[in-house]
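Chemist:
Number of protein chains: 6
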Amino acid sequence: MDSRPIVLVVEDEPLIGLTVQDALGEAGYDVRLISKAVEALHEMESAAQVLSALVTDIRLQDEKDGWEVARRGRELNPTLPVVYMSGDSALDHTSQGVPHSVMVQKPFAAAQIVTAVSTLINKAPPTPPTD
Amino acid sequence: MDSRPIVLVVEDEPLIGLTVQDALGEAGYDVRLISKAVEALHEMESAAQVLSALVTDIRLQDEKDGWEVARRGRELNPTLPVVYMSGDSALDHTSQGVPHSVMVQKPFAAAQIVTAVSTLINKAPPTPPTD
Amino acid sequence: MDSRPIVLVVEDEPLIGLTVQDALGEAGYDVRLISKAVEALHEMESAAQVLSALVTDIRLQDEKDGWEVARRGRELNPTLPVVYMSGDSALDHTSQGVPHSVMVQKPFAAAQIVTAVSTLINKAPPTPPTD
Amino acid sequence: MDSRPIVLVVEDEPLIGLTVQDALGEAGYDVRLISKAVEALHEMESAAQVLSALVTDIRLQDEKDGWEVARRGRELNPTLPVVYMSGDSALDHTSQGVPHSVMVQKPFAAAQIVTAVSTLINKAPPTPPTD
Amino acid sequence: MDSRPIVLVVEDEPLIGLTVQDALGEAGYDVRLISKAVEALHEMESAAQVLSALVTDIRLQDEKDGWEVARRGRELNPTLPVVYMSGDSALDHTSQGVPHSVMVQKPFAAAQIVTAVSTLINKAPPTPPTD
Amino acid sequence: MDSRPIVLVVEDEPLIGLTVQDALGEAGYDVRLISKAVEALHEMESAAQVLSALVTDIRLQDEKDGWEVARRGRELNPTLPVVYMSGDSALDHTSQGVPHSVMVQKPFAAAQIVTAVSTLINKAPPTPPTD
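Protein chains in written order, with numbering that gives the first Met the number 0: chain A, 0 to 130; chain B, 0 to 130; chain C, 0 to 130; chain D, 0 to 130; chain E, 0 to 130; chain F, 0 to 130.
1. Keeping to the same chain, check which residues put their C-beta closer than 7 Å to that of Gly72 (chain B); ignore five residues upstream and five downstream.
2. Rounded to whole angstroms, what's the CA-CA distance from Gln60 (chain C) to Met84 (chain C)? Just pull it up for me.
3. Count the other CB atoms within 10 Å of the CB of Lys122 (chain F); is the residue buried (16 or more) or exposed (fewer)?
4. Out of curiosity, what's the CA-to-CA distance linking Arg58 (chain C) and Met102 (chain F)?
5. Let me know the alpha helix (DSSP H) ranges lying completely inside the segment 59 to 118 of chain D, each 4 residues or longer, listed in chain order.
6. Taking Cβ-Cβ distances shorter than 7 Å, what residues in chain F pair up with Glu74 (chain D)?
7. How would you write the range of the alpha helix (DSSP H) that Ala39 (chain B) sits in, first residue to last?
8. Which residues does DSSP pair with Thr126 (chain D) in a beta bridge?
9. Note down, in chain order, each residue of its chain lying with its Cβ closer than 7 Å to the Cβ of Val49 (chain A), except the 5 sequence neighbours on either side.
10. Taking DSSP's pairing of strands, which residues face Ala52 (chain F) in a bridge?
11. Does Thr78 (chain E) get closer than 8 Å to chain A when you measure Cβ to Cβ?
12. Against chain H, does Thr118 (chain C) count as a neighbour if the rule is that its beta carbon must be under 8 Å from one of theirs?
13. Got a sec? Which residues, its chain only, sit under 8 Å from Arg3 (chain D) by beta carbon, not counting five neighbours each side?
14. I'd like to know whether the C-beta of Thr18 (chain E) is nearer than 8 Å to at least one C-beta of chain A.
15. To which residues of the same chain is Lys105 (chain F) closer than 7 Å at the C-beta, ignoring the five residues directly before and after it?
16. Would you mind stating whether Val113 (chain E) and Ala110 (chain A) have Cβ atoms separated by less than 8 Å?
17. Is DSSP giving Asp21 (chain D) helix, strand or coil here?
18. Label Ile91 (chain B) either buried or exposed according to how many other C-beta atoms from any shown protein chain fall within 10 Å of its C-beta, with 16 as the threshold for buried.
19. Pick from B:Ile15, B:Phe107 and B:His99: whose alpha carbon is nearest that of Thr118 (chain B)?
20. I need the DSSP call for Ile120 (chain C), collapsed to helix, strand or coil.
21. What's the gap between the Cα of Gln20 (chain C) and the Cα of Pro124 (chain E)?
22. For Val37 (chain F), collect the residues of the same chain with a Cβ closer than 7 Å to its Cβ; drop the 5 residues on either side in sequence, then sort them by chain order.
23. Kindly indicate which residue of A:Leu7, A:Pro13, A:Pro77 and A:Trp66 has the alpha-carbon position closest to the one of Leu23 (chain A).
24. Using C-beta distances below 6 Å, list every residue in its chain close to Trp66 (chain F), excluding the 5 sequence neighbours before and after it, in chain order.
25. Taking Cβ positions only, does Arg58 (chain C) come closer than 8 Å to chain E?
26. Whole angstroms is fine: what's the gap from Ile33 (chain E)'s alpha carbon to Leu14 (chain E)'s?
27. Identify which residue in A:Glu25, A:Arg70, A:Asp56 and A:Ala69 has its Cα closest to the Cα of Gly16 (chain A).
28. Checking contacts by CB at 8 Å: is Val113 (chain E) closer than that to chain A?
29. DSSP state of Ile57 (chain F), grouped into three classes?
30. Between Asp130 (chain B) and Ala89 (chain C), what straight-line distance do the alpha-carbon atoms span, to the nearest angstrom?
31. If contacts are defined as beta-carbon pairs under 8 Å, then Thr18 (chain D) and Val97 (chain F) qualify, I think. What distance do you get, rounded to the angstrom?
32. Which residues does DSSP pair with Ile33 (chain A) in a beta bridge?
33. Going by CA-CA distance only, name the one from E:Ala108, E:Ser51 and E:Leu40 that's closest to Ala69 (chain E).
34. Leaving out five residues before and five after Asn76 (chain E) in sequence, what residues of the same chain have Cβ atoms less than 7 Å from its Cβ?
35. So is Ser2 (chain B) in contact with chain C if we call contact Cβ pairs under 8 Å?
36. Is there a Cβ from chain F that is less than 8 Å from the Cβ of Ala46 (chain A)?
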């Protein structure tokens with residue numbers, strides 16, 4: 000295979016970001032780690048169709064939070080797999096999350112992220128080949 | 000049984016509202032039919048804990064829409080079963096809907112609403128007895 | 000079709016028993032309504048293989064309760080669909096229920112029982128033809 | 000609502016066909032009952048995009064069977080909800096059925112068909128509005 | 000993250016216990032390996048609220064078995080994810096297991112345990128922050 | 000444990016075959032890698048009952064394709080977990096795949112195959128002990 004599925008990880012705590020990046024990288028994903036919501040939104044505007052999944056923290060050092068990042072991702076790519084990571088905000092998933100997303104509560108094991116991402120991508124409808 | 004599960008139906012097209020009310024009533028539910036988003040929000044503020052499910056249209060003749068009604072319902076009652084009814088807005092469910100909700104696209108059969116409501120209530124965690 | 004799927008309903012509150020019997024009967028099931036756990040156990044010993052589903056109350060006027068009725072049913076027929084009906088005992092489902100069963104909390108709408116029974120039978124593996 | 004979801008029912012045993020037609024009709028569906036596989040295939044060639052679901056018997060008085068009817072339906076409409084009805088052939092569902100379909104084994108209760116059809120349509124992705 | 004999710008593993012065959020401990024440890028979990036049912040029950044009495052999951056063998060060298068350990072765990076923590084491991088007793092899962100649990104039949108691959116634990120924790124409702 | 004679950008992998012692109020073999024091997028599976036459909040069919044005729052899962056490419060350098068390999072596997076072992084891997088043919092999964100199978104679209108991450116196989120085996124009914 001000449002390419003790997005791309006996963007956008009949005010996390011501003013470096014230790015968690017690197018742990019997730021390592022785990023997804025070993026699992027076979029091509030990870031793009033971004034720490035700011037505005038950059039994540041910018042990345043999605045230009046590349047939502049080539050993303051295989053979005054993994055996002057909720058509280059970000061921005062005027063935007065992870066709930067908004069995920070909603071914008073789904074507007075651009077309606078079947079985008081979404082995994083949220085959060086501590087205190089995990090309880091808000093039922094009112095603020097998007098359908099068919101997974102909330103992984105902190106502290107978590109890296110395997111929870113890998114399993115959530117892999118399961119959601121496996122369930123997503125296949126994309127038509129592009130020419 | 001001295002009472003029936005209460006379902007709040009928010010729909011401003013009278014024919015659809017009555018069809019849904021009849022079907023849910025025959026199915027054994029106690030239906031409260033409301034045509035305005037602001038009234039639905041008011042109802043939920045005072046009674047979200049006693050509601051067994053919310054069934055809501057998306058486009059309402061208000062400054063609020065069904066997406067907001069459902070989010071507010073979930074803030075007040077995090078496990079509230081939610082069913083959306085919509086025609087044109089059905090495609091926005093993946094970005095605007097709440098998790099574990101069902102989008103029923105118009106035109107629909109009444110049984111789709113009854114099945115969606117019953118399935119979601121059956122999956123909801125039981126509520127502790129109140130004294 | 001020369002026969003209907005048989006559903007065993009175990010309920011000692013007559014009003015609820017009759018409501019469930021009527022709803023399942025109109026839905027196309029052949030209902031056997033029993034009010035005592037010991038009779039339900041006896042019925043299952045002789046007929047577990049021909050039952051399509053078990054619907055049982057938890058608190059019964061016996062030394063046995065619905066949890067035991069369901070466990071015995073599954074010992075005799077490992078894929079038997081099981082629906083529990085309960086008020087106060089609904090919270091014990093996660094520790095006392097059998098896997099792949101549904102807890103319907105009282106008060107419920109009749110459609111919840113019909114939907115639960117129908118969904119579980121539809122998911123059950125088909126049975127080989129008997130000669 | 001000016002229209003109802005259309006369900007194609009393929010069944011050559013008149014009694015079962017009429018029972019299913021009645022139940023789905025009362026549930027709010029517009030039913031097209033066909034007894035021959037070749038007619039079902041013809042119907043789907045011209046109308047697969049407007050069908051909301053396919054309900055098909057397996058053994059038909061044709062050179063084609065229900066497995067082929069469903070595969071052709073999915074080729075024409077990849078997200079078409081499919082419900083099979085069968086007695087002896089139910090065991091072949093795991094090798095001959097299409098993904099995300101439901102096998103309802105005969106003898107069945109009419110509510111099983113209504114629940115299967117309604118659940119599958121509720122899960123199907125919404126269709127874009129046509130102009 | 001200053002902590003890892005804690006998984007209690009109850010297994011009296013040392014080779015299997017260590018294999019599971021290693022696999023869950025590499026996956027990012029903090030594993031407590033216990034070989035006796037009575038110790039597992041004691042551990043749960045004092046710590047069920049801080050456990051993220053229970054993985055238990057069925058046959059243990061005690062008067063208690065894994066079915067009882069899991070039921071007690073669920074009484075103390077109603078949403079505790081439960082994974083059973085068993086060879087001969089796997090068939091009893093449908094009558095003796097708790098709802099929403101997973102039976103992993105021996106011999107298994109370590110990834111089956113990691114996937115089962117991670118999937119169940121990801122589905123469990125988030126816990127409120129403790130102060 | 001004196002043995003590992005056996006997974007048959009059918010893939011004629013060596014690089015992908017080896018990647019999948021390595022990933023499943025590290026996950027704890029005993030992998031049999033085969034590059035030709037006819038050999039896979041031969042292997043299944045003699046060993047379908049001892050296989051824990053089938054992972055198959057769709058396009059093979061044979062007169063048979065992966066769709067046929069999987070159907071034959073399910074005829075021999077009706078609960079065999081099936082994972083398909085494909086690029087261009089992924090869209091045909093809804094018409095050509097077997098029920099309860101997973102389509103993993105190329106390019107994929109190795110963790111997608113491990114998660115798919117592990118999840119499907121965990122859901123499969125346990126097999127009775129053989130003497």
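Ideal Cβ placement from N, Cα and C applies to all residues, glycine included. On a predicted model such as this, the values are computed, not experimentally measured, just so you know.
Modeler: Reading it off the structure:
1. By 1-based counting over the second sequence, the position of residue 72 (chain B) is 73. Met43, Ala47, Leu53, Leu79 and Val81.
2. Taking the third sequence and counting its residues from 1, one reaches residue 60 (chain C) at position 61. Taking the third sequence and counting its residues from 1, one reaches residue 84 (chain C) at position 85. For Gln60 (chain C) and Met84 (chain C), the distance between alpha carbons rounds to 15 Å.
3. By 1-based counting over the sixth sequence, the position of residue 122 (chain F) is 123. By the 10 Å Cβ count, Lys122 (chain F) comes out exposed.
4. As a position in the third sequence, residue 58 (chain C) is number 59, starting the count at 1. As a position in the sixth sequence, residue 102 (chain F) is number 103, starting the count at 1. Cα to Cα, the separation comes out at about 45 Å.
5. 65 to 75 and 92 to 95
6. As a position in the fourth sequence, residue 74 (chain D) is number 75, starting the count at 1. Result: Ser94.
7. As a position in the second sequence, residue 39 (chain B) is number 40, starting the count at 1. Run containing Ala39 (chain B): Ala36 to Ala46, per the alpha helix (DSSP H) assignment.
8. Taking the fourth sequence and counting its residues from 1, the one referred to as residue 126 (chain D) is at position 127. For Thr126 (chain D), which the question treats as bridged, DSSP gives no partner whatsoever.
9. For this step, residue 49 (chain A) is matched to residue 50 along the first sequence. Cβ within range, chain order: Ile5.
10. Here residue 52 (chain F) refers to the residue found at position 53 of the sixth sequence. Ala52 (chain F) is bridged to F:Val6.
11. Residue numbering aside, residue 78 (chain E) sits at position 79 when the fifth sequence is read from its first letter. By this cut-off, Thr78 (chain E) is not an interface position.
12. Of the chains in the structure shown, none is chain H; the protein chains are A, B, C, D, E and F.
13. Taking the fourth sequence and counting its residues from 1, one reaches residue 3 (chain D) at position 4. Cβ neighbours of Arg3 (chain D) beyond the five flanking positions: Gly27, Tyr28 and Asp29.
14. Here the question's residue 18 (chain E) lines up with position 19 in the fifth sequence. No, because no Cβ of chain A sits closer than 8 Å to the Cβ of Thr18 (chain E).
15. Taking the sixth sequence and counting its residues from 1, one reaches residue 105 (chain F) at position 106. Contacts found: Met84, Ser85 and Gly86.
16. Walking along the fifth sequence from the start, residue 113 (chain E) turns up at place 114. Walking along the first sequence from the start, residue 110 (chain A) turns up at place 111. Yes; because the gap between Cβ atoms is below 8 Å, this pair is in contact.
17. As a first step, residue 21 (chain D) must be located in the fourth sequence, where it is residue number 22. Three-state DSSP puts Asp21 (chain D) in a helix.
18. Mapped onto the second sequence, residue 91 (chain B) falls at position 92. The displayed chain sequence assigns Asp, not Ile, to residue 91 (chain B). By the beta-carbon neighbour count (other beta carbons within 10 angstroms, threshold 16), Asp91 (chain B) is buried.
19. Taking the second sequence and counting its residues from 1, one reaches residue 118 (chain B) at position 119. Its Cα nearest to that of Thr118 (chain B), the residue B:His99 stands out among B:Ile15, B:Phe107 and B:His99.
20. As a working note, residue 120 (chain C) is residue 121 in the third sequence. Annotated three-state conformation of Ile120 (chain C) is helix, per DSSP.
21. The sequence position of residue 20 (chain C) within the third sequence is 21, counting from 1. The sequence position of residue 124 (chain E) within the fifth sequence is 125, counting from 1. Approximately 35 Å between the Cα atoms of the pair.
22. Here residue 37 (chain F) refers to the residue found at position 38 when the sixth sequence is read from its first residue. Within the same chain, Val37 (chain F) has close Cβ partners Asp61 and Lys63.
23. What you label residue 23 (chain A) is simply residue 24 of the first sequence in a count that begins at 1. When each option's Cα is compared against that of Leu23 (chain A), the closest is A:Leu7.
24. For this step, residue 66 (chain F) is matched to residue 67 along the sixth sequence. Gln95.
25. Start at 1 with the first residue of the third sequence, and residue 58 (chain C) comes out as number 59. No, Arg58 (chain C) does not count as interfacial toward chain E.
26. To locate residue 33 (chain E), count along the fifth sequence from 1; it is residue 34. To locate residue 14 (chain E), count along the fifth sequence from 1; it is residue 15. Roughly 13 Å separates the two Cα atoms.
27. Along the first sequence, read from residue 1 onward, the residue named residue 16 (chain A) stands at position 17. Closest option to Gly16 (chain A), Cα to Cα, is A:Asp56.
28. Mapped onto the fifth sequence, residue 113 (chain E) falls at position 114. Yes, Val113 (chain E) lies at the interface with chain A (some Cβ there is under 8 Å from its Cβ).
29. In the sixth sequence, the residue the question calls residue 57 (chain F) occupies position 58. Here Ile57 (chain F) sits in coil by DSSP.
30. Numbered from its first residue, the second sequence carries residue 130 (chain B) at position 131. Numbered from its first residue, the third sequence carries residue 89 (chain C) at position 90. Note that Asp130 (chain B) has pLDDT 49, beneath the 50 cutoff, so the model's placement of it is unreliable and no number is given.
31. Residue numbering aside, residue 18 (chain D) sits at position 19 when the fourth sequence is read from its first letter. Residue numbering aside, residue 97 (chain F) sits at position 98 when the sixth sequence is read from its first letter. At roughly 29 Å, the Cβ-Cβ gap does not stay under 8 Å, so Thr18 (chain D) and Val97 (chain F) are not in contact.
32. Here residue 33 (chain A) corresponds to residue number 34 of the first sequence, with the count starting at 1. DSSP output for Ile33 (chain A) lists A:Val9 as bridge partner(s).
33. As a working note, residue 69 (chain E) is residue 70 in the fifth sequence. The shortest CA-to-CA distance from Ala69 (chain E) to any of E:Ala108, E:Ser51 and E:Leu40 is the one to E:Leu40.
34. Walking along the fifth sequence from the start, residue 76 (chain E) turns up at place 77. Same-chain partners within the cutoff: Ala47, Gln48 and Leu50.
35. Counting from one through the second sequence, the residue named residue 2 (chain B) turns up at place 3. Ser2 (chain B) counts as touching chain C.
36. The residue labelled residue 46 (chain A) in the question sits at position 47 within the first sequence. Closer than 8 Å: no.
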